[in-house]
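Q: Numbering (the numbering used here), first residue to last: 112 to 525.
Have a look at this one.
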């Protein structure tokens, strides 16, 4: 039986009077390793069995998904429940290819706008009763999941730390005005919402229907659907290969051999195109300057593990003021290509997550563990990970986006 995916753990404390070469930190990173198809099948069986056992205990036993959330390709018998912050844009693109492109090509050939707006009515699930039962029986049903802590953190980085006037308004403003003493009396853009304020918002019962941070068991009803493939972000490529096997597709057909390059290009373009558009800048510049927009994008890509913490933002204000989005995209792509130490990039991404959670109150961590308990149990994640890993945790200024990020005191020797 293949070993089930382990959760990453990291312990690091700031050293005093000890050189970088003498210091050692322990880090266990989730690796996307190649396994045989038999290994994948056994892992899927383990995941499905865990979900079934959790459902039988009456935990998270929801019998219908959230509203009209399911997407389907009827001709391909493909049934997908999108979970925000678990590569849902990739799978929407994949679904677009299934529906409209013959033969299929890389999902990255589909624009984000096409994926979200170009097929909405065609792929919505409307079947009821026996027709729905038949669809469930005949379809390859796909669900991709993620550690709840990582999912919450990713939502904050992508929607609040990054320049995003839409989510500054919908998330940032209520997070600040509700949970920052005295803030309700002063105007705010929501651009300065802190992580602990965001967490206070999402554990509020009134906020429980926000799909970006809704527990997966409520969003996708695993007890009801009996998903064929339960993939994980931690083993994304391996599990995606399993999906392709079910659909009779192969990796080369979809251009997966250049997946790393596509992911990098997509991360940069997604970070810049909207943020540097005239529409968004007209709103964003009422809150922060254009230099702040560029710095936030840079830090977002560092926190996501794309740009090395060693590569500081050094663009001059005058240059940024005249800079176009396409210019910044090229600068960022060059910087990403120079960020070559994959282990260090994984470390800094993991460290940033833990640094964010280290600023929470114990009551907030307990609320997350309680609200997401069915997700932790169904998908094999450890709710106690944060309590264990945050002891003696050193602060590095990861979220001070207007300053250089310095990990020199905590970086391990690989």
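Heads up, the beta-carbon is just placed ideally off N, CA and C, and yes, glycines get one too.
Keep in mind that this is a model prediction, so the values were computed, not measured.
Beta carbon of residue 59, beta carbon of residue 379: below 9 Å?
A: Any answer about residue 59 is impossible in this case: the structure gives the chain only from 112 up to 525.
Q: Can you list the beta strand (DSSP E) stretches of 3 or more residues lying completely in the stretch 250-320, in chain order?
A: Whole beta strand (DSSP E) segments, 3+ residues: 251-256.
Q: Would you grab the beta carbon distance between residue 338 and residue 171 for me? Rounded to a whole angstrom, and I think it's under 8 Å.
A: Not confirmed; about 13 Å, so no contact.
Q: Out of 290, 308, 285, 359, which has the shortest C-alpha to C-alpha gap to residue 300?
A: It is 285.
Q: For residue 237, does the count of other Cβ atoms within 10 angstroms reach 16, so buried, or fall short, so exposed?
A: By the neighbour-count rule (16 or more Cβ atoms within 10 Å), residue 237 is not buried but exposed.
Q: Rounded to the nearest angstrom, what separates residue 201 and residue 219 at their Cα positions?
A: Each residue's alpha carbon lies about 7 Å from the other.
Q: Please classify residue 416: is it buried, with 16 or more other beta-carbons within 10 angstroms of its beta-carbon, or exposed?
A: Burial call: buried.
Q: Please classify residue 320 as buried or exposed, where buried requires at least 16 other C-beta atoms within 10 Å of its C-beta.
A: Residue 320 comes out exposed.
Q: For residue 132, does the count of other Cβ atoms within 10 angstroms reach 16, so buried, or fall short, so exposed?
A: The predicted model places residue 132 with a pLDDT of 38, which falls under 50 and marks its position as unreliable, so this point remains unresolved.
Q: Do residue 334 and residue 192 count as a contact pair if the criterion is CB distance below 9 Å?
A: Their beta carbons are not under 9 Å apart, which means residue 192 does not touch residue 334 by this criterion.
Q: If we ignore side chains and look at the alpha-carbon of each, how far apart do residue 522 and residue 458 end up?
A: Their Cα atoms are separated by approximately 8 Å.
Q: Sorted by chain position, which residues of the same chain lie with C-beta nearer than 8 Å to residue 145's C-beta, five sequence neighbours on each side aside?
A: In this prediction, residue 145 has a pLDDT of 40, which is less than 50 and means its spatial position is unreliable; nothing more can be read from the coordinates.
Q: Do you know offhand how far residue 185's Cα is from residue 234's?
A: Rounded to the nearest angstrom, the two C-alpha atoms are 8 Å apart.
Q: What distance in whole Å lies between the Cβ atoms of residue 462 and residue 426, which are believed to be in contact at a cut-off of 8 Å?
A: Wrong, their Cβ atoms sit about 25 Å apart, outside the cutoff.
Q: Hey, quick one: how far does the beta strand (DSSP E) through residue 352 stretch, first residue to last?
A: From DSSP, residue 352 is part of no beta strand (DSSP E) but of the alpha helix (DSSP H) over 347-358.
Q: Going by DSSP, what residues sit across from residue 184 in a beta bridge?
A: Paired residue(s): 189.
Q: Mind listing, in chain order, the continuous alpha helix (DSSP H) runs of no fewer than 4 residues lying wholly within the stretch 454-504?
A: You should have 473-482, 484-490, 496-500.
Q: If I follow the unbroken alpha helix (DSSP H) through residue 403, where does it start and stop?
A: 401-414 is the extent of the alpha helix (DSSP H) around residue 403.
Q: When you compare the CB positions of residue 468 and residue 343, do they come within less than 9 Å of one another, or not?
A: Going by C-beta atoms, residue 468 is not nearer than 9 Å to residue 343.
Q: Could you tell me the boundaries of the beta strand (DSSP E) in which residue 342 lies?
A: 340-343 is the span of the beta strand (DSSP E), which, as asked, contains residue 342.
Q: Given this structure, state the Cα-to-Cα distance separating residue 169 from residue 244, to the nearest angstrom.
A: So the alpha carbons of these two residues sit roughly 22 Å apart.
Q: How about residue 282 and residue 264: are their beta carbons less than 9 Å apart?
A: No. Outside cutoff.
Q: Along the alpha helix (DSSP H) that carries residue 336, what are the first and last residues, could you check?
A: Note, residue 336: alpha helix (DSSP H), 333-336.
Q: Classify residue 297: buried if its beta carbon has 16 or more other beta carbons within 10 angstroms, exposed otherwise.
A: By the neighbour-count rule (16 or more Cβ atoms within 10 Å), residue 297 is not buried but exposed.
Q: Which residue or residues does DSSP assign as beta-bridge partners of residue 427?
A: The partner list for residue 427 (beta bridge, DSSP) is empty, contrary to what the question assumes.
Q: In three-state DSSP terms, what is residue 235?
A: It is a strand residue.
Q: Per DSSP, what kind of secondary structure is residue 210 in: helix, strand or coil?
A: Here residue 210 sits in helix by DSSP.
Q: Closest to residue 253 by CA distance: which of 303, 197, 222 is it?
A: Answer by Cα proximity: 197.
Q: Using only the alpha-carbon positions, how far apart do residue 302 and residue 203 sit?
A: One C-alpha to the other measures close to 29 Å.
Q: Just the C-alpha distance for residue 341 and residue 159, rounded to the nearest angstrom, thanks.
A: If you take the alpha carbons of residue 341 and residue 159, they lie about 7 Å apart.
Q: Answer yes or no: do residue 279 and residue 304 have a C-beta to C-beta separation smaller than 9 Å?
A: Closer than 9 Å, so yes.
Q: Using the beta-carbon count (16 or more within 10 Å), is residue 454 buried or exposed?
A: So residue 454 counts as exposed.
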